[in-house]
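*Asks:* Residue numbers (numbering that gives the first Met the number 0), protein chains in the order written: chain A, 0 to 181; chain B, 0 to 181. We put the CB at the ideal spot given by N, CA and C, even for glycine. This is the structure, below, for whatever I ask next.
There are 2 protein chains.
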Amino acid sequence: MGRREEIVEAATDHALDHGLVGLSLRPLAEALGTSDRMLLYHLGSKDALVAEVVRCATARALERLRALPASASPGAAVRDLHRLWEAPAVRRCQRLHVEASALGLFGREPYASTVGSANALWSSAVRDHLARSGVPAARLDGVTHLVDATFMGLELDASFGSPAGPALETLVAAVERLCSGS
Amino acid sequence: MGRREEIVEAATDHALDHGLVGLSLRPLAEALGTSDRMLLYHLGSKDALVAEVVRCATARALERLRALPASASPGAAVRDLHRLWEAPAVRRCQRLHVEASALGLFGREPYASTVGSANALWSSAVRDHLARSGVPAARLDGVTHLVDATFMGLELDASFGSPAGPALETLVAAVERLCSGS
DNA sequence: CCGCCAGCGTAGCAGTCGCTACACTCACTC
DNA sequence: GAGTGAGTGTAGCGACTGCTACGCTGGCGG
Chain A
0 MGRREEIVEA ATDHALDHGL VGLSLRPLAE ALGTSDRMLL YHLGSKDALV AEVVRCATAR
60 ALERLRALPA SASPGAAVRD LHRLWEAPAV RRCQRLHVEA SALGLFGREP YASTVGSANA
120 LWSSAVRDHL ARSGVPAARL DGVTHLVDAT FMGLELDASF GSPAGPALET LVAAVERLCS
180 GS
Chain B
0 MGRREEIVEA ATDHALDHGL VGLSLRPLAE ALGTSDRMLL YHLGSKDALV AEVVRCATAR
60 ALERLRALPA SASPGAAVRD LHRLWEAPAV RRCQRLHVEA SALGLFGREP YASTVGSANA
120 LWSSAVRDHL ARSGVPAARL DGVTHLVDAT FMGLELDASF GSPAGPALET LVAAVERLCS
180 GS
């Protein structure tokens with residue numbers, strides 16, 4: 000692993016803990032045992048570094064999602080996806096993804112474009128898992144978007160103590176009915 | 000309206016356009032035709048100003064939500080809530096709310112605490128509307144949280160061009176089945 | 001007519017930001 | 001052994017941050 004990849008991995012760990020918003024080169028460099036000068040030497044600019052961090056966090060979460068075995072039913076798939084999402088290692092990545100998405104809300108770069116492609120990857124992996132778990136093709140698009148959006152929204156809600164339970168149970172029940180009936 | 004309220008309203012307009020992240024006192028003051036000195040004089044600190052802005056944006060959206068007449072059915076309620084959410088005046092407020100929520104994700108103040116109470120208000124108003132529109136009590140909690148989380152998530156997705164249509168239709172169908180059956 | 005104080009402007013503080021200029025070491029090739 | 005290039009440390013640039021010290025103004029009550 001080259002120095003650049005080492006830096007990106009370590010910076011990702013740091014961002015997973017502290018978020019993207021306050022991120023600045025000097026404290027980050029100090030935490031990584033190097034200097035801001037070096038971060039810029041290897042990454043080119045802060046924006047490039049941030050883009051790499053977002054990409055790296057997404058890749059870590061994706062690896063876990065792709066390793067998830069097919070679930071027994073659409074309802075079980077939603078539950079399994081949520082369990083995966085709540086695994087600490089995955090959740091921290093998703094929290095970062097949500098933060099990056101919000102930073103792109105007003106078109107601010109590099110968040111807007113980076114998060115766009117990250118989300119396409121994640122969303123299509125969710126779709127794959129749902130398809131493998133018996134969600135009928137006619138419902139696949141809608142359920143994928145619904146599940147994806149709901150989990151993101153729940154992550155936002157969770158930050159001020161709102162429990163995910165009721166919404167999750169409702170979503171599971173809804174997906175079950177939607178995929179068995181009609 | 001006192002000078003303080005005028006400033007908060009104008010600052011809210013500005014934040015609705017430009018977001019909370021890059022917000023800094025001097026450009027804001029210039030846009031408002033005053034000086035950073037005055038913002039601090041009337042509001043006390045930047046954090047207090049931000050808290051007021053978030054509160055103000057939430058109040059504007061709430062006013063619209065509370066004026067929404069009861070819908071004909073649970074499914075229609077979801078559709079009506081979404082139509083309300085997509086009204087430009089409301090949507091800008093919700094976009095700001097989502098941004099503020101994300102800024103609170105890592106516990107950063109004043110976002111975390113301000114957004115918490117704003118969300119409680121919004122969530123309970125959504126709950127009221129759903130109850131008025133025929134969502135049975137047993138489902139009220141789950142549907143409220145589901146709808147709320149989904150809309151927030153869709154707002155995040157919308158920023159990189161993902162259409163809300165499929166997820167919304169699926170949510171409407173799901174809520175309809177959930178509230179008529181069993 | 002005087003004092004007072006809310007409201008406002010000017011100037012500036014100490015600190016942080018991303019980024020760069022420059023000099024230097026070291027391993028390498030020729 | 002000279003030259004070369006990647007990698008690194010130091011120091012600092014200009015811009016910007018939230019915030020404050022200080023002085024002025026105008027209208028009010030005494």
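Just to confirm, are A/Leu19 and A/Glu108 a CB contact at a threshold of 8 Å?
*Replies:* no
*Asks:* Whole-angstrom Cβ separation of B/Thr57 and B/Ala117, contact assumed at under 8 Å?
*Replies:* 4 Å
*Asks:* Do you know how far the Cα of B/Leu24 is from the Cα of B/Gly32?
*Replies:* 12 Å
*Asks:* Check this for me: beta carbons of A/Ser100 and A/Val114, under 8 Å apart or not?
*Replies:* At the C-beta level, A/Ser100 and A/Val114 come within 8 Å of one another.
*Asks:* Show which residues of chain A have a CB atom less than 7 Å away from the CB atom of B/Thr200.
*Replies:* There is no way to answer for residue 200 of chain B, as the model of chain B reaches only from 0 to 181.
*Asks:* Considering Cα atoms alone, identify which of A/His96, A/Glu51, A/Val7 and A/Cys55 is closest to A/Leu155.
*Replies:* A/His96
*Asks:* Between the alpha carbons of B/Leu15 and A/Pro68, how many angstroms are there, rounded?
*Replies:* 43 Å
*Asks:* Taking all protein chains shown into account, decide if A/Met0 is buried (16 or more other Cβ within 10 angstroms of its Cβ) or exposed.
*Replies:* So A/Met0 ends up on the exposed side.
*Asks:* In the structure shown, what three-state DSSP assignment does B/Pro109 receive?
*Replies:* coil
*Asks:* Select from the stretch 61-77 of chain B all residues with a C-beta closer than 8 Å to any C-beta belonging to chain A, and list them in chain order.
*Replies:* Listed by position, the residues of the stretch 61-77 of chain B near chain A (Cβ gap below 8 Å) amount to none.
*Asks:* For B/Ser192, report the span of its alpha helix (DSSP H) as first-last.
*Replies:* In the structure displayed, chain B extends from 0 to 181; residue 192 of chain B sits before or after that span and is not available.
*Asks:* For A/Ala111, would you say it is in contact with chain B, using Cβ-to-Cβ distances shorter than 8 Å as the test?
*Replies:* It does: the Cβ of A/Ala111 has a partner Cβ on chain B nearer than 8 Å.
*Asks:* Whose Cβ in chain B lies nearer than 7 Å to the Cβ of A/Ala172?
*Replies:* By Cβ distance, chain B contributes Leu177.
*Asks:* What is the C-beta distance between A/Gly133 and A/Cys178, in whole angstroms, given that I count them as a contact (C-beta under 8 Å)?
*Replies:* Between A/Gly133 and A/Cys178, the beta carbon gap of about 7 Å places them in contact (Cβ cut-off 8 Å).
*Asks:* Taking the C-alpha atoms as reference points, what is the distance between A/His81 and B/Ser161?
*Replies:* 21 Å
*Asks:* To be precise: take each residue of the stretch 83-101 of chain A, compare its Cβ to all Cβ atoms of chain B, and keep it if any distance is under 7 Å. Which residues remain?
*Replies:* Arg94, Val97, Glu98, Ser100 and Ala101
*Asks:* Do B/Gly74 and B/Val146 have their beta-carbon atoms positioned less than 8 Å apart in this structure?
*Replies:* no
*Asks:* Nearest CA to the CA of A/Val49: which residue from A/Leu102, A/Leu167 and A/Arg126?
*Replies:* Relative to A/Val49, the option among A/Leu102, A/Leu167 and A/Arg126 whose CA is nearest is A/Leu102.
*Asks:* If you draw a straight line from the alpha carbon of B/His17 to that of B/Leu27, how long is it in whole angstroms?
*Replies:* Straight-line measurement puts the Cα of B/Leu27 at about 10 Å from the Cα of B/His17.
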